[in-house]
Each structure stands twice: as C-alpha cells, then as structure tokens.
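*Asks:* Chains as they are written, first to last, in the working numbering: chain A, 1 to 351; chain B, 1001 to 1153; chain C, 2001 to 2317; chain D, 3001 to 3299; chain E, 4001 to 4659. Virtual Cβ for every residue (Gly too), placed ideally from N, Cα, C. Nothing here was measured: the structure is a model prediction, and the numbers come from that model.
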Amino acid sequence: MAVKFLAKDNLVPWLAELAETHRTIVPKREGEAVVFRPFAKEEAPELSARPTESPKSAIFPQCDTLMSFRYTKDEEDPGKVLLDLREMKDESPAVVVGCRSCDAAGFNTFDRVYMTDKITDQNYRARRENTLFVTIICEKPATTCFCNWVGGSPTDTSGADVRMTPLEDGWVLESITEKGEPLLSSTLLKDGDDRAGDAEKIRQQAKERMPEAPDLSEAPGKVLALFENNDFWEAESAKCISCGACTYLCPTCYCFNITDESSGMEGVRLRTWDNCMSHQFTMEASGHNPRPTKAHRLKNRVGHKFSYYPNIHDGNISCVGCGRCIKSCPVSVDIRSIVLHAIAAPAETEK
Amino acid sequence: MSANTGSELKIVGFLCNWCSYGGADTAGVGRFQQPTDLRIIRVPCSGRIDPLFVLKSLFNGADGVLVSGCHPRDCHYAEGNFYARRRLEVLKRFLPILGIDERRFEYTWVSASEGQKWKTVVQTFTERIHELGPAPKLDQCLMERAQAMAMAV
Amino acid sequence: MSNLDTLKAKIKERLPDLDMVVGWEQGFDPLRATPLFMRTEEDVDRLIWNPLCVHNLATYLPGLKGRKVGVVVKGCDSRSIIELLQEKLINRDDIVVFSMPCEGVVSVRKIQNRIGSLDYVESVEADTGTVKVTVDGSSQSFGFPDVAASKCGRCQYHTALLSDEFVGEPNNEKAEDDYSDVTSFEARPQEERLAFWMTEMQRCIQCYACRNACPLCVCRDHCVAQSRDPHWMTQENSTQNKWFFQVIHAMHLAGRCTECGECERACPVGIPLLLLKRKLNKEIEELFDYKAGTLIDSTPPLQAFKVEEDNINERGW
Amino acid sequence: MSSSLTFAYYPGCSGQGTSIEYDKSTRAVCKALGIELVDIPDWSCCGSSPAHTVDHILSAALSARNILQAEDMDVQGIITPCPSCLTNLKVASHRMRDEQFKEKVDDLLNEPCRNDLPIMSVLQVIYEKLGPKALAAKVTNPLKGLKLAPYYGCIMNRPPEVMDFDDCENPVAMDHLMEAVGAEVMPFPLKVECCGASFGVARNDVVTKLSGKLLDVAADCGAAAMVTACPLCQMNLDMRQDQINRANKSSHKMAVFYYTQLIGKALGLSDASLMLDKLCVDPGHLFREIETARTADAV
Amino acid sequence: MKIGVFVCHCGSNIAGTVNVGSVAEEALKLPSVAFASDTMYACSEPGQDAIIEAIKEHRLDGVVVASCSPRMHEPTFRKTVERAGLNRYMFEMANIREHVSWIGKDKDANTRKAVDLVAMAVAKLTQDRELTPKTFDINKRVLVIGGGVAGIQAALDCADGGLEVVLVEKTSSIGGKMSKLDKTFPTVDCSSCILGPKMVDVAQHPNITLYASSEVADVKGYVGNFNVSINRKATYVDWAACTGCGLCMEKCPSKKSRDVFNEEIGTTTAINIPFPQAIPKKASIDPEFCLKLTKGKCGVCEKVCPTNAIRFEQKQETAEEAVGAIITATGYDLFDYTRYEEYGGGRYADVITSLQYERLLSASGPTGGHIKRPSDGKEPKDVVFIQCVGSRDKSVDRPYCSGFCCMYTAKQAILTKDHLPESQSYVFYMDIRAPGKLYDEFTRRAMEEYGTKYIRGRVAMVYPKGDKYIVRGADTLMGAQVEVEADLVVLAVGAEAAKGAPQLAEKLRISYDAYGFYMESHPKLRPVETNTAGVFLAGSCQGPKDIPTSVGQGSAAAAKVLALFSKDQLESDPQVSVVDIKRCVGCGKCIQTCPFGAIEEMDFRGMPKANVIETICQGCGICTSTCPQGAIQLQHFTDNQILAEVNAICQQTPAQNLK
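#1: Along chain D, which residues have their Cβ under 8 Å away from the Cβ of E:P4399?
#2: Whole-angstrom Cβ separation of E:F4335 and E:E4496, contact assumed at under 8 Å?
#3: CB D:Q3016 to CB D:D3042, shorter than 8 Å?
#4: What does B:V1012 touch in chain C if you count any residue whose Cβ is under 8 Å from its own?
#5: Just the chain E side, please: which residues come within less than 7 Å of C:V2224 by C-beta, in chain order?
#6: Assuming E:S4550 contacts E:V4149 (C-beta within less than 8 Å), just tell me the rounded distance between them.
#7: Measure the Cβ-Cβ separation of A:K305 and A:S318 and say whether it is below 8 Å.
#8: Under 7 Å Cβ to Cβ from E:I4649, same chain only, skipping five residues before and after it: list those, please.
#9: Determine the extent of the beta strand (DSSP E) in which E:K4468 is found, giving its start and end residues.
#10: Using beta carbons (cut-off 8 Å, strictly below), is E:F4604 in contact with chain A?
#11: Using a Cβ-Cβ distance under 8 Å, would B:V1067 count as near chain C?
#12: What residues from the region 2230-2243 of chain C come within 7 Å of chain A, judged by C-beta to C-beta, listed N to C?
#13: For a contact defined as C-beta to C-beta under 7 Å, what are the partners of B:H1076 on chain E?
#14: Exposed or buried, what is E:F4006 when buried is set at 16 or more other beta-carbons lying within 10 Å of its beta-carbon?
#15: Between A:I136 and B:R1093, what straight-line distance do the alpha-carbon atoms span, to the nearest angstrom?
#16: What is the rounded straight-line gap between the Cα of E:K4659 and the Cα of A:I343?
#17: Tell me which residues of the region 259-273 of chain A have at least one Cβ-Cβ distance to chain C shorter than 7 Å, keeping chain order.
#18: Determine which residues of the region 3086-3100 of chain D have a Cβ less than 8 Å from any Cβ of chain E, and write them out in chain order.
#19: Ordered along the chain, which non-local residues of its own chain (more than five positions away) have a Cβ less than 6 Å from that of C:G1968?
#20: In whole angstroms, what is the alpha-carbon distance linking D:I3079 and D:T3228?
#21: Write down every uninterrupted run of the beta strand (DSSP E) in the region 36-117 of chain A whose length is 3 residues or greater and which is fully enclosed by it, in chain order.
#22: If the criterion is Cβ atoms closer than 8 Å, does the pair E:G4494 and E:R4433 meet it?
#23: Alpha helix (DSSP H) containing C:D2045: first to last residue?
#24: Just tell me which of E:T4624, E:A4505 and E:C4068 has its CA closest to the CA of B:A1084.
#25: Applying the criterion that 16 or more other CB atoms from any shown protein chain within 10 Å of the CB defines a buried residue, is A:P290 buried or exposed?
#26: With H, G and I counted as helix, E and B as strand and the rest as coil, what does DSSP make of D:M3174?
#27: How many angstroms separate the CA atom of E:K4295 from the CA atom of E:P4287?
#28: With 16 as the cutoff for other CB atoms within 10 Å, does E:Q4629 come out buried or exposed?
#29: Relative to the C-alpha of E:G3949, which residue among E:T4532, E:C4068 and E:G4331 is closest?
#30: Just to make sure I have the definition right: I need the residues of chain E whose C-beta is within less than 8 Å of the C-beta of A:P78. Which are they?
#31: Thinking just about the alpha-carbon of each residue, which of C:M2020, C:P2062 and C:L2036 is nearest to the one in C:V2218?
#32: Given that A:N411 touches chain C, what residues does it touch there, using C-beta distances under 8 Å?
#33: Could you pull out every residue in the same chain whose Cβ sits closer than 6 Å to the Cβ of D:E3021, ignoring the five residues on either side in sequence?
#34: Whose Cβ in chain A lies nearer than 7 Å to the Cβ of C:T2059?
#35: Answer yes or no: does any C-beta atom of chain E fall closer than 8 Å to that of D:D3167?
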C-alpha cells in the first residue's frame, strides 16, 4: 500500500496527468449544482461541497447506447431487409476523482446484480473493470447523512481504489487496491508517510462526528411484514409527487429501460435509467399496472432497498446513506423516517 | 429562383388542406415559379397545428417553418384558424427567449384562390431564411460552443 | 390566540367532514418544511405556517380528486386552485381551502447561495424581517427580501383569492411585476440565450420533478415525455431532447401557469425553468390581458378566441 | 413647429413672369387666410416638361434640390401654385421612395434628401387645411351671380397614385371653393380636358382646337367666366382667346381667372394686389354686375 | 410493412422538370419501401392496373403515389388501392406536380424536393392505420338559397325528383335578374314569358316551401343534417291573408318609394307588389317611406285591404329548417357605375345602366316599353353603348370579364332599332366575346342587319353639350379620336359578387375568391361542388354567367343533390378524432374547443372521459392540438403521423448524436 501526499497546488496538474491516460471524471460546480464532468484543463474540481448527483453515470450512463443498427435492402428483392448490428462497449480506462466513500460503495450494489456467476452485463462490466475511484472522506456529516446506518462510514474504502484525506495544505492519498497503486506513481505526489498520522487523526474525528446509528437489523423483516399494509404506505407516500429525483440521484438505483430509437434506415438501442416512482415503470402491455398508486411505488423503493435486496444478497442493504434522496426531494420525503416507522410499526395481526 | 443562389435550406411548411394547400396548388396550376427549399406537410386545418410541431421542426434542424391557413373568418371548420392565430402568435413571441430567431417562423393566411399570394409568401419567406442563413444545429458542436461562451461570460 | 392557533382550531373543526387536510410541518432539518397530511387532531398540532412553507400544496389536489380534502394555501397557491377549478380538474364541493395572509416565503436556494452548503444547518429563525441561519455554531442573518423567493418580491396576492376559512387581516398590497427578469434575459445576444439553455439543460437528469411538482401538469402519468404514441420525445438524454421537454412543458402551460415556481424549486439541479413560463405569461398578458388563476369563470386564452383579436395584427405579405 | 399653417413656398418660373398675377394673388390670398408662405431659399427650376423627357434621374434631382432646400425649414410641407411644378416635385418625391432610385438622385445632391415633407398644391392646402366652410366665413364680398366654369387642367390630379388629391376624372375642390365665395359653379364637363398646353408655340392649331372647345362648352354651360388653377391653361384660354376666335370663327369674350384672384376678390382684397389688370379679357363688367345686383338686393 | 411507391410522369408535366426515374430509385432506398417504379400516367387505366398488380405481386401493405395534388386524385387512388384489397387509408400522395414540377425549372433541385416529399409520404404511411367509415342517416330535404333562375331551376329539379325543397329568397319575389330583363339573347324571346311559368311552377309545387323576403341567418350541422335558421323580414303584411289584389298600391299616398325592381327608374308606392308576375304575388311595405310607419299617420292600406292583411306591428321572425344539402344560388350584383367619373354616371340623367335600359325596353317597365330619356322623356335618336364598365379593368379592381355584356349589348342595340327604327346605335367595345351557340351570329346581326356601329376602343369621357352628350373615345382601328353625339348613353356594367356573399360563405363554411365569388371544388371537374360536403353552387354566385349556363348549373347542382340523396345513409369520413381512454384525464379542453359540439363527456368507471360523436366530428383536429397528453388523436393526422413527416425531413438521428 502506497501513501502519498498531494500538495494543494499540484491537484490540477496531477489531474491533468491522469487525464492523459484516463477518462478523468471530477465533481464540478455548474450553476447551482455540483455534477460529475470530465476534467477540463486548468479547472479545479469542486471537492468541498457534496456533489448533487452521484457518479453513477461514470459506469452506468443515464443513456447508454447498447448497440446501433442499420437496415439494408436485399438487392434482388427490396422487400427483404437485412440488419447490421454493431455492439457498443466502452472499455476505455477511466478514473473518478473526488467522489465520496458512499458514492463509490454504491457500485457494490450494482456488482451483485450485474456481475454474478450466472449473468454478467457486458456493457456494465466493460466500464466497471476499467474505472477507478479516488474517494474523498467526509470530515463532517450533513443533516441528511446516514452511511453508518447501512454499514458504511465517512471514511469507508469498500468502493475505493485510492482514498483521499484532506489536510490543510493538501491531501493524503492511500492506495486501497492494487489497481489504484499506479495512480499514485506520479512525480507530482510526494511520499506521504510523514502525513499519514495527521490523516488518520482527521479520519478518526470524522467517524466520531457521526451520530449514533439505529439498529436496522430488523428492517428487512419489518418492511416485508408491512407489504400488505396499504394504509401505512399510503400515509408514508402521501406527500411524494412521484418524480424521479430520488432514484436518479441515488448511487445504488440500478433500474433501466430499453428502447429502440430509429430514423430512416438506422437506429440505436438505448439503455436509459428508469424510475420505480413512475407510473410507467411497471405498466404492462395489457394496460394492467401492478403498482397503480404512488403508495405501491414508494413501498417498492423502500422495500427493495431495505428488504428485498438484502434478503437475497447476504443482508446487504442497497442503500449507502448518502442522503441525496432526502436532500433533493422537492417535498422532503425522508427515507430514514420511513424505515424507522416500519421498524416501529406494530406487527400485523394475522388476517 | 433568385432566393436559391446559395445552397438549399430546410424549410418546413404546415398548410391547411382547404385554403393554403389549395393556394399552393393554385400557384402550381398558374406555374408561379417559386424557390425549392420548402417542404409542405398537409394538415386538415391550421387549428390542427400544435405549435410543438413547429418547435419540433426547429429543434430538429429546420432553418425555417412556415404555417399557413385560411383567412380568419373563412375557416372550413369555422373556428380552427381562430385558435391557430392565438397559438401561433404566442409561439412567435415565445421563440426569442429560447434563443431561436423568431424570424425563422412565420404564419400567414392564404386562400385557395390566392396562388399569386402564395408565391409571394414562399418567395419572401425563403429569401428571409436565406438572409438568416442555416440555423444553429442543437448538437454536440453547439454544446461545445455554448460551454466556451458560458466560460467567457 | 395566535393566527396559527385559530387556523388549527378551524381545521380541527372541519376535520371530521374531511378525509384529510394538507398543510406543512417541520422537515428533516430546521430549514426544511415538508407537506403534512392531517387526518387526526394530533396531526393538526404539528401544523406550521412560516416563511419556510414553500410548497404549493394545490399540487396534490388533482391526485385526490373524489376525496374530501382540506388544503392550506398561501395567496399565490390559491391561484392554482382557481385554475384547477376553472379547468374542472377538481370539484369545488370536495375541497375546503384554509388560508392566512402570506408575507412571503424563503428561497432555500438563495440561502444556500449565501451560506455555501445546507448540509449543516443547526437552527433557523425566520420571520418577514430577517432570516437567521445557524450553521456549525455560527449564525448569519439575512434581510428577508434578500433570501425570499423571487415570486414574493412581485407578489400581488398576499391574500388568497379563494378561501373557505381565512384567518387574519387580509393584505391587499400589490407589488409591480415589470417582467424585468424576462426583458433583461432577452436583451442578451441571441446566441448567448441559446447557449444559456443548452448549458443549463445539459445538467437535467430527466427526473421530471419540475413536471410532478407543477400543480397544473395534470397529465402526470400520461405525459407525452414518456410515450411512444404520441412519440414527441425519444428516450435519448441529448440536451436537445431534454430541452424540448421543457418547451413542451412551457407550451402546455401557456395561459395556465400561475407562476408558483414549483418547477424551478423542485429541480434538483437548479435549472431556472420558471423563466420560460414567465415569458409566455408576459406575452399572454400583453396579447389577451389575461392572468391565469385569477377568475374561476374565465377560459385559458389558448382554449378560446375572439373573432377580431384586439392585439394580434392580421398578418399580410 | 411654427404656427399651424406654415409652408415652404415654391413659386415656379411662370409665377415670375407670364403668370405673375397668379403668384401675387396666391400670396395675397394666403396672407389673408392666415397661411404663411416662406419662399424656399435659392429655389431653382423644377425641370418643367423638358427635363423628365430626357432623364428621370436628372429631372428628379432638380426637384429634389428644391425639396432639400426646404427640409431645414420649420414648415408643414412644400406647396406650389403651379400644377406643372407640383407634378415635378411630387413625381420626384414618389420615385425617390425607391431606395435604389433615391441613391442615384442623392449622388447628384450635396447631401441626401430626407424626402419626408408633404408636397401639395396651394389649392389642396386651402381646400383641405382650411376648407370651404372656413373660407366662406371670411368672405366679405360674395361673388353672387357670377357663373363660372371650373377648369382644373389635365395634370392637377393626375396620375392619381402620385398626386393623391381629389377625383382624377371629376375633381371638385375648386368647385366647392368657388361656391364658398358665392359664385355659381356650372356643370362644366371638361374640367380635366387638355387645353393644348405648350403646343401653343409649335402647333397653334392644336391649341385653338382644344382650348376652343373648352370655351365653347363653358359658354354652352352658361358660364360667364372660367376659373383655373394652371398658368399654362390660363394663358391658352385667355391670351390666345383672340387666336381661337379667329381660327374657329367664334366670338368668345370669356374672362379666365385664377381661382386665387376670385377668392381674393371675395375677401375684399384690392384689384391691384390681385393684378386683375393683367388679364387679357377684361373681367370688369362681371364685377360691376355683381356690385349692381348687390346694391339692388340691399334696396 | 411493405410499401410501393409509384412516381408519375404525368406526361411531361412532371417528367419535364423532375427526374422521375431517379425519384423512384431513391424511393426504393427508403425504409419499408419494397417496390418503386415510375409510371407515365398513374391515374390512367393502365397506370391504376399497374398499381393493383404491384400490390398483389409484392404483397404491399400500402401505396405512395407521387404525382399531382391529393386534392385532385386522392379519391381516385384510394379507390384503386381498395380494388386491390387494401384499406383505402393505407395510401399517401406526394404532390410533385403542383408543388414541384410546375413551380421550378431547376431539375436537380426539383428532383431532390420530390425525393423528400416521397420520403415524407412514406414516413407517414408507415404510421397509417386502416380506417373504416361508419354510416349515418340523412335528412333528404334541400335548401336552395336564392330565387333567381339558377335557384328556381335547382329547386324545381330537386322537387321534381321527389325531394322537399326550402327556397329562400332575399327580396319579396323570386325571379332574380332575369325577371327584370325584357328579352333574352340570342333568341330575342320574351324573358318573362319563359321565366314566368317556371316561377309559377315554384309557387305551385307541393314539394317547395318558399321563404321570400327572407335570409339565411345561420347554418349548423354537416352534410346530411344541416340546421338552418332563416330570418323572415317584416313585410308588414300578413302574406297568408294577402291576395295580391293590388288595391293598397292604388290608394297608397306615399308614391316616392324606391322602385328597386325597376332599377330606380322612377318611383313606386310605399306598399307595393314589385311587378305583376311576382311570386309570391304579395304586397310588402317599405318602412322607410310608409307614412304610418314613419310618421304614425295614414293607414290607408289598412282601410282599403279587403282581407285585412296589413300588420304594421309585424316584426322579423326566425324560422328553423332541417335539411340534408344546400344549393347556393345567390347570383351577382352590378358594378357601381358611378365609380367611372369620366362617364358621368349618376351625374347625367341620360347616362344609365344596361339593366335600367332593360326596364325602359320592357313593356312592364315604368315607360311601358317606350324608350324615353330619363331627363326629358324624349325618344333618343343616337344611343351609345359603352362596354366593359367594371369589367376587364384593373384600375377598379375588376380585372375579369363579366362574360355576358357583349351579348346583351348586341341584344339591346337590336331592340333599340326595333323600338325606334330611326335610331342609330353605337357600341364602344374592347373585344367582342360571343363564344356560345348562335352568339357570334347574333352580334353579327346587330352590326349587319341592324346597322349598329361598333367602335373598338375605350371611351375617354362623356359630357353634355346642349341637350345631347358628347361621347369621346378612341377608335383604335382607325387610330383616331372619335366623338359621337348621343341622346342616351347606356353603360354595359359588369357583374360583381352579390353584396353579403362573403358573409354567407362564412356561414356555409365555403371559400370565396378575392372578388367574393364562391370557390368551386375544382374549376373543371367539380364546378358545382364546394369543399364543404353537402353544399353546392349554381349560377353567378360562382362567377358571372349567362342564363343558359346558370340554368344548366341549377340542374347540375340538383343532380348532385339527388345523387347524394339516392342512398338512405351516408358514410361518415373515418378521419375523425378518437380518444385513448387510458390517456384521457377528463379535463374537457377538447369539448371546450370543438367547433361542432362533436365531443361529449362520458362516464368511464366513475371517471369523466371525452367521447367523440363520430358523425358530428368533421375532422379538423383542433382537439388534438389542444389535448396536452395527446389522448385524443385525429385519425390519419395523428401526432405520430405528422411527426413522422417532420422527422423525415429534419431529424438528427440518434446515431448522429453518437460521437
């Protein structure tokens, strides 16, 4: 494991170096939001404010072209149409610098679904295996933060290849994975062993600053137990306006939709983020919709994250506690309180 | 035609079947020579023209959009062009805030008998669009220029 | 008894005849209020009324059509109710409107711009004079007008235009609205305007919070944005496509938008969406002398016409 | 803007010579009616008939120069008594509405002409700005019993799209003004017929034929005198009346007035200021008859 | 989907300026196009057969024909594809003639444009759906507007064909302009002798309901089911009681009423029957001149009327009639002859219009058929006719030829000689237009047998000289100025659209041209139809016409109505709006904007939804552009169909958006 020190002034040059070999993605302030964008020359990333969106699209773009296609006509019989397909896979090396621990950890939720022993999503894997994460620790929790409720921490390394700890005059960079080590080979980085102690102190402080987490071990069972309790979900979802802000900002929401868009003789197959808060999400071709109301839909979102997913993935909750869904919800729906209400709800009497 | 000294531009026309499409036919029957940039889409009534069709065309790269219907009070469906008049006027006034030159869109009233007028409309509008030149395409290039500009401001 | 207490009493009085009353309560931090659905007297006790009550609760009404619902509104929110009634999207008999004179609400975004991050808000004291926000143990005070929602600066409807239970003294002050935001934006060069929207819209994540927060976007589940028939939009996330949705939204609201600003407020990435609708309202006011949501008996101008229009010149060539 | 009726006055060349009585009476009448005339400084020839038959641009430039001269004056417009000058001014102004044409004209001028001043005849100003009613109110010596044939000439109202005044086939402005001053206007049908114009020099026979017919019809209508607004018409009908009589074996003794002279007379202006003595056919008896009738009425 | 594209040469009409072969070649590259070819005349029998053969051989699902305007041949080709077993709505046309080949000479540009138009048609066709018409009942009554000779003929033919006819006439008698004429050309037979019996037939026909002194106030509904409101003007006489005895006219003391029938040559009484052969022969009171109605005194007619039919208190009433078709025969009016100041019309008593002259010639006219000058009652000797007064003259905005003036002028010249053998007629003309059967022979007779002097040239001015008039003009054949002394000058005034024609057109939802004449569906092939189903034209309302043509059109319009009513039910056009119940939120904006009341609110499982009444829907699509969620779609012009066309010309394909 390498420990290096990056002086404040060397940040931009270091990123510029990285950008020569990697698609380098950094948080950037745009208008009133902080979003992930390719590193642009001479432009310092926004590392202090928490990014508005998660870095999800670095590996799982909002709109991903899975393939392009082209019709050609049989010369003998123009009524016959031939189809040429071209798969689109992005295997270019990439690095995300400056996302939070929780954001990087979000991809672990994806991995359990998209890269299993049985099935692998090739497009996902292509990017996942070629993308590195340099995370930055959170010195102080926001009012919406709850990573420690769901097994994370402000200094968590479970999704990181390199971890950055901010000091007064720069950052301490530690490689967490082997793949992360080459990122620290730059001559712009100094040996960081002498600063490791300071960094550790800051990390310790950060962890201590987290308020105590409630015990969610009962959550999977309790949430599932409420499956039939419509009144509960109706009350909890009353203020939800069924938009997709929570799912689209979430680092762990991995649902998608596939559509073909074509024009003339050519077209593309697109994979776009989908949103279980939307009416169309479960709309069936017959016109039947198994989740007709927002109560059904919010139940799914909370249920999936805190019950259905952990039930089939070794108890791993599919939430990293980044708090974006709370902070950016137009009506401040608070997933924490829903889970706590579920845990506190009296057991359903047998029907 | 004089308007087409440069290369052709993309002009989309939405014409009501009863008056303006007929007027364009009448212009044809009269052999009134017109520039060739315009591509006409026939709709039953100017009231059928959702302003979004115009916007869709402009967003998709049309250099100009021309809408034409029956003269007010002379609608085959009695009221269609009254609605159209309001919607199209609002649309025309809306364009500047989008950063789209409102001169790229025009609406007019031409009856089935006004072949000569139709020729004038096509000629005038086409010349105007040629003066404005090709519309900026809302693509990656524009995005890059936009960003450069945002940076400069 | 304070106005708020009187209001609570009135709600409690009417609650037995209603399925619920929608108001606000304190949210997850001291700066954030959140909608409150009151079904019991205990719920009513949690009701708040202060400059943090930013949400336009009329948004919920079309979705609750058929139920007996009470709703607490600010002056501006009442215009949405009028517009909904006018368009027969809700039944007058099914709703009870509670209101108090509104002196304005804050813009959370403006406060964020002032204090940098909203992640650490510890306490907020807000009245119509000053807003004091404590972050990390240190307090900052702002003059209310500096952090009030922009719509409050041009408010003409402090008092609800429609209410069944009104508590307090009506405030009939009317500020001027000169649409200077629109005109100054339009004074910028055309290419810059285009560039502005392309840059802003690039950030859009297509969550449609703008649409779902809008009280008058009544298509909701059947919005053309996510339909193949009609197929107005593709599923691409190209800026052009994302922007086109905003243009659809604005056009669909032309002559109907009451400028509550929920679209802009709800946007998680802070795109100034209200500007488009303000522009349309400006033109519609000029053309038809019409302000949406002020008269129950009128018709949105784009669903009506005059044989001889007052302000539209017949176009001739 | 100065007083409500102030105009740049373009007298025209005949007003300096053959039709000096027209110019004098115009000035006298306008003064009496409160219409202020300010001579265009350093005015030059309008081009008359020859110029525009040779070169439209040069012709227009001649008039444009006069228009330009008036543009710095604080006036409501340019006016002239002479229909021929009027035609040249108005045609030039009309043609200069075409930008390309105007550019060529401006090239010939010291500075470009704004071309925004209205150009009118004195007749139009009296008729439209003052009006028959206001005129009638100022009449002190009504010309009661004077039977007149109003003769406008061929170019006062033509071409209509340029001149833009009165009906081009049956003008009535002078009719109404003459009625306002108390005269009796006969239904003279040849109001806009050609008098022969400048053929008086080259083809005298044309003038004697055409103007002869005018005099014949005027007499047939019962007119005792003719009234006109054009120097050339007046000259053909008045000065050449003897030639006409000789050629046609007729014996007309028809006085031919400028309308301004008759208005002046009715307003009580002196004969000298109206230069009535300049007329070739002596109108004296007409006024004496009016006077006699008036005294008889008074008794 | 398999689409066939047929690109028509239209002889050289299209092929002359469009490379038809390469359009077909390019078409074959378009998506879904399985067959493409060029064809000499697509609409000809072999052309249509080729389309049918290709549909069968290549199992096509839809067809695009690139040829002339769909307004011309869409119905033709729809039938063609139907004969091949396709639904007739699986067909699109690209208009590469009127919109391409005829308006541009640049062959390359035209070819590119034609290819684009074909691509748009193909794109739309891929979105087309099969549509099936529904049928609805019709009301087999017909409304005829205007009781001139065209309207009379149409009414009689319809009535004889067994239809109930409602005939509405604006004035107090039918007969129109023809009833004012003395004789008709080229036969010189008596106008009222041939028209009179037809007018009587109208009065007596059991199938005809006549509303005289009435006007159409409002028209609602659609082909097969129109509802018409008719304003019945107050005549102040109970026509049910009036026997037309004329006693009131004899006694009426107010004798200065305008004699409209006699073109105001002279005056008539305030209560009057316009002419002896009037149908209905009923008196009516001119309220402007009636002493009782203006001053409150008199009432003589009331006293003398043997049947007590006078009703001073009568008010305008409205009648409602339901009909299935409408024939418009509102005729023409005369050009305002006073606008030519140089002719002195209106100023000189003896400068009159041709129709006034007809009244002077007519035995039933104010002079009893003796030609007398209005000024002094003397018989004229020299009569000058001036043609083209308000015809073929751009300066008065009447550039068209009124068509019948040359003929009636010749007739009037002949009649003048008949009446006054000593007289001499002169005709100033521009060209003689006499193309009908025996017409040119007739004008020749006027010149050769009746000695009428024809002078080719325009009249510069007319002026009085003594008790005569000097008519001065150019004789362009002689190249000299001519002056003719005349006792009477007759102006052959041209025809213009009837006053109020545009307003009626707006009620009927039909189009009219710049001059107010009604537009026919097709100038050659559909001369009596309009673009509004169920509304037909007859006579001069469509453009100036002589009597035989007007009568012919009256019969033609009647035949069209009889053909329309030969079925008990009509097929409704399936291009109507359809509601997607799932998408509809029941806001009712479509109901609010529909001009026809064709959309109603219905209850669907407790939710309000919009419902289209198919037979009432006219297919304008206002609802479709009003509905924000696109829940109501006008069939054959759906959002997707129009978007397909837009995208075919301008779309940045998703593939283009890839870097």
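*Replies:* Result, derived from the coordinates:
#1: Counted from its first residue, the fifth sequence places residue 4399 of chain E at position 399. Below the 8 Å Cβ cutoff, chain D contributes no neighbours of E:P4399, its closest Cβ being approximately 17 Å away.
#2: Locating residue 4335 of chain E in the fifth sequence gives position 335, where the first residue counts as 1. Locating residue 4496 of chain E in the fifth sequence gives position 496, where the first residue counts as 1. Their Cβ separation, rounded to whole angstroms, is 5 Å, which keeps E:F4335 and E:E4496 in contact under 8 Å.
#3: Taking the first residue of the fourth sequence as 1, we reach residue 3016 of chain D at position 16. Taking the first residue of the fourth sequence as 1, we reach residue 3042 of chain D at position 42. The criterion of a C-beta distance shorter than 8 Å is not satisfied by D:Q3016 and D:D3042.
#4: Residue mapping note: residue 1012 of chain B aligns to position 12 of the second sequence, counting from 1. Neighbours of B:V1012 across chain C, judged by C-beta separation under 8 Å, do not exist; the nearest C-beta is about 16 Å away.
#5: If you number the third sequence from 1, residue 2224 of chain C lands on position 224. Within chain E, the residues near C:V2224 are Q4629 and G4630.
#6: For the purposes of this step, residue 4550 of chain E is taken as the residue at position 550 of the fifth sequence. For the purposes of this step, residue 4149 of chain E is taken as the residue at position 149 of the fifth sequence. With a contact defined as Cβ atoms closer than 8 Å, E:S4550 and E:V4149 qualify at about 5 Å.
#7: Counting from one through the first sequence, the residue named residue 305 of chain A turns up at place 305. Counting from one through the first sequence, the residue named residue 318 of chain A turns up at place 318. Yes. Within cutoff.
#8: Within the fifth sequence, the letter at position 649 stands for residue 4649 of chain E. Hits under 7 Å: D4116 and M4120.
#9: Mapped onto the fifth sequence, residue 4468 of chain E falls at position 468. In this chain, the beta strand (DSSP E) harbouring E:K4468 covers K4468 to D4475.
#10: The residue you call residue 4604 of chain E lines up with position 604 of the fifth sequence. Using a CB distance cut-off of 8 Å, E:F4604 does not count as an interface residue toward chain A.
#11: Residue 1067 of chain B sits at position 67 when you count from the first residue of the second sequence. Not a single CB atom of chain C sits nearer than 8 Å to the CB of B:V1067.
#12: Considering only beta carbons, the part of the region 2230-2243 of chain C lying closer than 7 Å to chain A consists of T2234, Q2235, E2236 and N2237, in chain order.
#13: Numbered from its first residue, the second sequence carries residue 1076 of chain B at position 76. Within 7 Å of the CB of B:H1076, the CB atoms of chain E belong to R4509, N4531 and T4532, in sequence order along the chain.
#14: Looking up residue 4006 of chain E in the fifth sequence gives position 6. When all chains shown are included, E:F4006 counts as buried.
#15: Sequence index remark: in the first sequence, residue 136 of chain A carries index 136 (1-based). Sequence index remark: in the second sequence, residue 1093 of chain B carries index 93 (1-based). The alpha-carbon of A:I136 is positioned some 49 Å away from that of B:R1093.
#16: Translated into positions along the fifth sequence, residue 4659 of chain E becomes position 659. Translated into positions along the first sequence, residue 343 of chain A becomes position 343. Model confidence at E:K4659 stands at a pLDDT of 38, short of 50, so the residue's coordinates are unreliable; what they give is reported in the following sentence. In a straight line, the C-alpha of E:K4659 is about 49 Å away from that of A:I343.
#17: So the list reads T259, E261, L270 and T272, given in the order they occur along the chain.
#18: Residues of the region 3086-3100 of chain D with a C-beta less than 8 Å from any C-beta of chain E: none at all.
#19: Because chain C spans 2001 through 2317 in this model, residue 1968 of chain C falls outside it and cannot be assessed.
#20: Looking up residue 3079 of chain D in the fourth sequence gives position 79. Looking up residue 3228 of chain D in the fourth sequence gives position 228. Computed Cα separation, rounded: 17 Å.
#21: Correct list: 63-73, 81-87 and 94-100.
#22: As a first step, residue 4494 of chain E is located in the fifth sequence; it is residue number 494 there, counting from the start. As a first step, residue 4433 of chain E is located in the fifth sequence; it is residue number 433 there, counting from the start. The Cβ atoms of E:G4494 and E:R4433 lie no closer than 8 Å to each other.
#23: Within the third sequence, residue 2045 of chain C is the residue found at index 45, counting from 1. For C:D2045, the enclosing alpha helix (DSSP H) begins and ends at E2041 to D2045.
#24: One-based indexing of the second sequence puts residue 1084 of chain B at position 84. For the options E:T4624, E:A4505 and E:C4068, the alpha carbon positioned closest to that of B:A1084 is the one of E:T4624.
#25: Counted from its first residue, the first sequence places residue 290 of chain A at position 290. A:P290 should be labelled exposed.
#26: One-based indexing of the fourth sequence puts residue 3174 of chain D at position 174. Note: D:M3174 maps to helix in three-state DSSP.
#27: Taking the fifth sequence and counting its residues from 1, the one referred to as residue 4295 of chain E is at position 295. Taking the fifth sequence and counting its residues from 1, the one referred to as residue 4287 of chain E is at position 287. Straight across, the Cα-Cα distance linking E:K4295 with E:P4287 is about 11 Å.
#28: As a working note, residue 4629 of chain E is residue 629 in the fifth sequence. Buried, since its Cβ has 16 or more Cβ neighbours within 10 Å.
#29: There is simply no residue 3949 of chain E to check, as chain E begins at 4001 and stops at 4659 in what is shown.
#30: Along the first sequence, read from residue 1 onward, the residue named residue 78 of chain A stands at position 78. Simply L4028, V4033, A4034, F4035 and A4036.
#31: On the third sequence, residue 2218 of chain C is found 218 positions in, with the first residue counted as 1. It is C:P2062.
#32: Only positions 1 to 351 of chain A appear in this structure, which leaves residue 411 of chain A out of reach.
#33: The residue labelled residue 3021 of chain D in the question sits at position 21 within the fourth sequence. Within the same chain, and ignoring the five residues on either side of D:E3021 in sequence, the residues whose Cβ sits closer than 6 Å to its Cβ are M3275 and K3278.
#34: If you number the third sequence from 1, residue 2059 of chain C lands on position 59. Here the neighbours are I241.
#35: What you label residue 3167 of chain D is simply residue 167 of the fourth sequence in a count that begins at 1. Residue-level contact by beta carbon holds for D:D3167 and chain E, with a gap shorter than 8 Å.
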